[in-house]
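Just so you know, the sequences run in chain order Z and X.
If you're matching positions, the first sequence starts at 124 in this note's numbering and goes up one per residue.
If you're matching positions, the second sequence starts at 124 in this note's numbering and goes up one per residue.
Glycine included, C-beta positions come from ideal geometry on N, C-alpha and C.
Heads up, the thing below is written out as structure tokens.
Protein chains: 2
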Amino acid sequence: MAPRQKSDRVTIKTVAEDAGVSVSAVSKVLRDAYGVSGPLRERVRASMEKLGYRPHAAARGMRGQTYTLGVILPDIHNPFFTDIMSGVNAALERTQYQTLLGIGQSSLGAQQEVIDAMIDRQMDGIIFIGPRMPPPELDALAAKVPMTIIANHSPTAQAYDTVNNDDFLGATLVVQHLVHAGYRNIAMLSLDLPPIEQLQVTTQRELGYRQAMEDAGLRQYIKVVMSEQTPRAIQAAARQLLRSRGRPEAIFCWTDFVALEVLSVAHELGMKVPGDLGVVGYDNTTYCDLAQNALTSIDQSGQVLGLQSARLLIERIKGRTTAEHFVVTPRLVARNSSQPVAR
Amino acid sequence: MAPRQKSDRVTIKTVAEDAGVSVSAVSKVLRDAYGVSGPLRERVRASMEKLGYRPHAAARGMRGQTYTLGVILPDIHNPFFTDIMSGVNAALERTQYQTLLGIGQSSLGAQQEVIDAMIDRQMDGIIFIGPRMPPPELDALAAKVPMTIIANHSPTAQAYDTVNNDDFLGATLVVQHLVHAGYRNIAMLSLDLPPIEQLQVTTQRELGYRQAMEDAGLRQYIKVVMSEQTPRAIQAAARQLLRSRGRPEAIFCWTDFVALEVLSVAHELGMKVPGDLGVVGYDNTTYCDLAQNALTSIDQSGQVLGLQSARLLIERIKGRTTAEHFVVTPRLVARNSSQPVAR
DNA sequence: CGTTCTATGTGCATCGTTCTACAAACCTGT
DNA sequence: ACAGGTTTGTAGAACGATGCACATAGAACG
Numbered sequence: 124m125a126p127r128q129k130s131d132r133v134t135i136k137t138v139a140e141d142a143g144v145s146v147s148a149v150s151k152v153l154r155d156a157y158g159v160s161g162p163l164r165e166r167v168r169a170s171m172e173k174l175g176y177r178p179h180a181a182a183r184g185m186r187g188q189t190y191t192l193g194v195i196l197p198d199i200h201n202p203f204f205t206d207i208m209s210g211v212n213a214a215l216e217r218t219q220y221q222t223l224l225g226i227g228q229s230s231l232g233a234q235q236e237v238i239d240a241m242i243d244r245q246m247d248g249i250i251f252i253g254p255r256m257p258p259p260e261l262d263a264l265a266a267k268v269p270m271t272i273i274a275n276h277s278p279t280a281q282a283y284d285t286v287n288n289d290d291f292l293g294a295t296l297v298v299q300h301l302v303h304a305g306y307r308n309i310a311m312l313s314l315d316l317p318p319i320e321q322l323q324v325t326t327q328r329e330l331g332y333r334q335a336m337e338d339a340g341l342r343q344y345i346k347v348v349m350s351e352q353t354p355r356a357i358q359a360a361a362r363q364l365l366r367s368r369g370r371p372e373a374i375f376c377w378t379d380f381v382a383l384e385v386l387s388v389a390h391e392l393g394m395k396v397p398g399d400l401g402v403v404g405y406d407n408t409t410y411c412d413l414a415q416n417a418l419t420s421i422d423q424s425g426q427v428l429g430l431q432s433a434r435l436l437i438e439r440i441k442g443r444t445t446a447e448h449f450v451v452t453p454r455l456v457a458r459n460s461s462q463p464v465a466r
Numbered sequence: 124m125a126p127r128q129k130s131d132r133v134t135i136k137t138v139a140e141d142a143g144v145s146v147s148a149v150s151k152v153l154r155d156a157y158g159v160s161g162p163l164r165e166r167v168r169a170s171m172e173k174l175g176y177r178p179h180a181a182a183r184g185m186r187g188q189t190y191t192l193g194v195i196l197p198d199i200h201n202p203f204f205t206d207i208m209s210g211v212n213a214a215l216e217r218t219q220y221q222t223l224l225g226i227g228q229s230s231l232g233a234q235q236e237v238i239d240a241m242i243d244r245q246m247d248g249i250i251f252i253g254p255r256m257p258p259p260e261l262d263a264l265a266a267k268v269p270m271t272i273i274a275n276h277s278p279t280a281q282a283y284d285t286v287n288n289d290d291f292l293g294a295t296l297v298v299q300h301l302v303h304a305g306y307r308n309i310a311m312l313s314l315d316l317p318p319i320e321q322l323q324v325t326t327q328r329e330l331g332y333r334q335a336m337e338d339a340g341l342r343q344y345i346k347v348v349m350s351e352q353t354p355r356a357i358q359a360a361a362r363q364l365l366r367s368r369g370r371p372e373a374i375f376c377w378t379d380f381v382a383l384e385v386l387s388v389a390h391e392l393g394m395k396v397p398g399d400l401g402v403v404g405y406d407n408t409t410y411c412d413l414a415q416n417a418l419t420s421i422d423q424s425g426q427v428l429g430l431q432s433a434r435l436l437i438e439r440i441k442g443r444t445t446a447e448h449f450v451v452t453p454r455l456v457a458r459n460s461s462q463p464v465a466r
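What follows is the structure in structure tokens.
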């Protein structure tokens, strides 16, 4: 490697010499530790400012904290994660912490790699979004590093905190809204995954859907179609569903991304939305608002989820050992795609 | 912080003891350095495997490399970046390197923070996408850490490599395509930024647009409208443009994200696309393919851009000091939004 | 059988922090 | 004035790698 920045780096030692104090003293000031007088603190602060000192993260990682939080996303595709990130960053605004993202690329191997990479790099904590991992492994992971999980229901977990919206309720809202608008034959398009019962967000939404359908006396119309996450697979599933004999009047999609594909397929098949078909998504991402989509969706406030997860994580890093499980109440945002239809 | 992993960590020393060799020997094996015999290498490898050794990134950062590459994105919104990331990861597949993402959140302050954070964390190199930074600062940054830039034209820069598509050509293709389809009054919707002349991708696209319009004898129709990146601002600009007296027959948008908003506004105003208006985007993101958008766009192959940038960056880390500037030839993907219209 | 050379393996200083143990200085209250 | 306590500052040993400088053992040669 080309030689860079030899001895010109401003270290804690440089600052100490400049301020005329010991290295330990500077370290104390840096860490806001006990045992520094006001004047000394000021003198050190001034020197740091003057010299443009920046702490060396790797060196910190050797001993104490790195002040780095890892965020693991299942993929960057889903625009919902943008909201979460902005919440996380907002919570970290006036702290020393910085976030670094890792992308799980949906594949399980990549997910494990990202996790290992973050542990190797001594992240102080991890915010894990939509983990695809059985609870024992999550516990094992939480034993190694403080962790908060978003979008995974495990209300009894003690080793880590969780932040969720009430997916069961959200799905209920969708069904009630559609029923109220006059739809009866309502199908659900969900995610095809090796199911880790009850924990997955999609499972909760499915349960909510089923329950609400039953409560509305629509048991005979219950239909859940599973599909992989790829556009091609989603389109195929939607096409099959819309061409089938008992064609649904409305489709509830587990996430907006899927709903957009359904709109596309409906469009291709010459179906009007609404009119020939009602569509509802989940997450209320920015694309819902576009007039060509006008997609009714459930807002679970990614901002709040992100903010809370960062808050909980820092609490845990600071020493809390009991678990907290934060739940946001979702809310339906009605748009054109689920307008009432005369039948 | 709660006490975790005390002495149970497997370090290079543990491996050395297990294999019955010196610490230095293990280090040599790790680094593939000169001066290790085959048998010793095997013995050490076996021990590492057996003990599940993982190198401590922070410790490495103190002396040598961290094997971590930073990728800086201007925002996560733009789905185009997904493609870039998958290219980057593909290039790093069988190497020791890992990527970590930082998000610039569009704001300049955040951008600087992310850069600092990455330097503090001793990233071996940085892939900087769409930097908002004048050349002298880029040079200064490149002096501190090996760097490759995507989406910023500075073909004479020596301190860093660049990877781009030919934005000038791409814009030309758009205009030629629209002209061929019968459009004459073609406006461009571009990004409002403190311009760093010529370097910005948008500037290049503007220049290409202007040149192509002139070449087509449409000088009198040249019109570039600038707007900020927020949905609200884009919508306002589009609305104003579409309501103006010399209303354009077609709009060329500097990126798909903007084009989707334009489609939305046209939709709201009751205009048909195509028919009343032609729209073309840039980047050929997944959303273009949805039937409700059917957006004609320029494909600049984010995959290739990502792959090349990772390749170049590693070359630079390994010692190359001359600059390379890689340019991809863009290609137009025609969809419904720019269909010929009888006039 | 020395001498020189090469290949292989080791010892240890080093990187920039943190933090424990300790020294020094300063208060108190008798 | 002195024991005891508190506050403020310092010395120096870690942390887990890297990589230079060196030791040692054979090999090759005259």
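In the three-state DSSP reduction, Ser277 (chain Z) falls in the coil class, being neither helix nor strand. Distance between Phe204 (chain X) and Asp198 (chain Z), taken at the CA atoms: about 11 Å.
Remark: C-beta atoms of Tyr410 (chain X) and Phe375 (chain X) do not approach each other more closely than 8 Å. With a cutoff of 8 Å on beta-carbon distance, Asp315 (chain X) and Met349 (chain X) are scored as near each other.
The DSSP assignment places complete alpha helix (DSSP H) segments of no fewer than 4 residues inside the region 209-280 of chain Z at 231-243, 258-267, in order along the chain. Our two residues, Asp379 (chain X) and Tyr405 (chain X), have alpha carbons roughly 5 Å apart in a direct line. In this structure, Val146 (chain Z) keeps its C-beta atom at 8 Å or more from the C-beta atom of Ala156 (chain Z). Nearest CB-CB separation between Thr205 (chain Z) and chain X: below the 8 Å threshold.
Of the residues assessed, Glu372 (chain X) falls on the buried side of the cut-off, its CB having 16 or more other CB atoms within 10 angstroms. By the beta-carbon neighbour count (other beta carbons within 10 angstroms, threshold 16), Ser160 (chain Z) is exposed. Under the DSSP definition of a beta bridge, Asp406 (chain X) lacks any partner. A Cβ of chain X is located within less than 8 Å of the beta carbon of Gly184 (chain Z). Listed along the chain, the chain X residues whose CB falls inside 9 Å of the CB of Met171 (chain Z) amount to none; the nearest CB is some 14 Å away. Pairing Ile207 (chain X) with Phe251 (chain X) gives a Cβ-Cβ distance that is not under 8 Å. Taking CB atoms only, Ile273 (chain Z) has no neighbour in chain X less than 8 Å away. Along the length of the region 404-464 of chain X, whole alpha helix (DSSP H) runs at least 4 residues long occupy 425-440, reported in chain order.
For the region 209-228 of chain Z, residues whose beta-carbon sits nearer than 9 Å to a beta-carbon of chain X comprise Ser209, Asn212, Gln221, Thr222, Leu223, Leu224, Gly225, Ile226, Gln228. Relative to the Cα of Leu430 (chain Z), the nearest Cα in the group Z:Asp243, Z:Ile272, Z:Ala266 belongs to Z:Ile272. Excluding residues up to 5 positions away in sequence, nothing lies with its Cβ nearer than 6 Å to the Cβ of Glu391 (chain Z) in the same chain. Closest in C-alpha terms to Ala417 (chain X), from the list X:Val402, X:Ala265, X:Gln423, X:Gln426, comes X:Val402.
Looking only at X:Arg154, X:Thr134, X:Tyr190, the smallest Cα-Cα distance to Lys173 (chain X) is reached by X:Thr134.
A Cβ-Cβ contact shorter than 8 Å links Tyr344 (chain X) with Ile309 (chain X). For Val347 (chain Z), the uninterrupted beta strand (DSSP E) run begins and ends at 347-350, by DSSP. The beta carbon of Ile199 (chain Z) sits closer than 8 Å to some beta carbon of chain X. Shown here for Arg307 (chain Z): same chain residues with a beta carbon closer than 8 Å to its own, the five before and five after excluded, namely Leu341, Tyr344, Glu372 in chain order. Counting along the chain, the unbroken beta strand (DSSP E) around Gly193 (chain X) starts and ends at 191-196. Under the 8 Å criterion on CB atoms, Asp239 (chain X) is classed as interfacial with respect to chain Z. For Leu428 (chain X) against Ala360 (chain X), the beta-carbon gap comes to about 28 Å, at or over 8 Å, which does not count as contact.
DSSP places Ser387 (chain Z) within a helical segment (H, G or I) once states are collapsed to three. Chain order gives the chain Z residues near Glu391 (chain X) as Ala414, where near means a beta carbon separation below 9 Å. Rounded to whole angstroms, the separation of the alpha carbons of Leu455 (chain X) and Leu296 (chain X) is 7 Å. Residues of the region 354-376 of chain Z with a C-beta less than 8 Å from any C-beta of chain X: Pro354, listed in chain order. By the Cβ-count criterion, Gly184 (chain X) is buried, with 16 or more other Cβ atoms from all chains shown falling within 10 Å of its own Cβ. From the listed residues Z:Thr222, Z:Arg366, Z:Gly232, Z:Asp412, the smallest Cα separation to Leu383 (chain Z) is found for Z:Asp412.
The Cβ-Cβ distance between Ala181 (chain X) and Arg244 (chain Z) falls below 8 Å. In this model, Thr445 (chain X) and Thr285 (chain X) are separated by some 12 Å (Cα to Cα).
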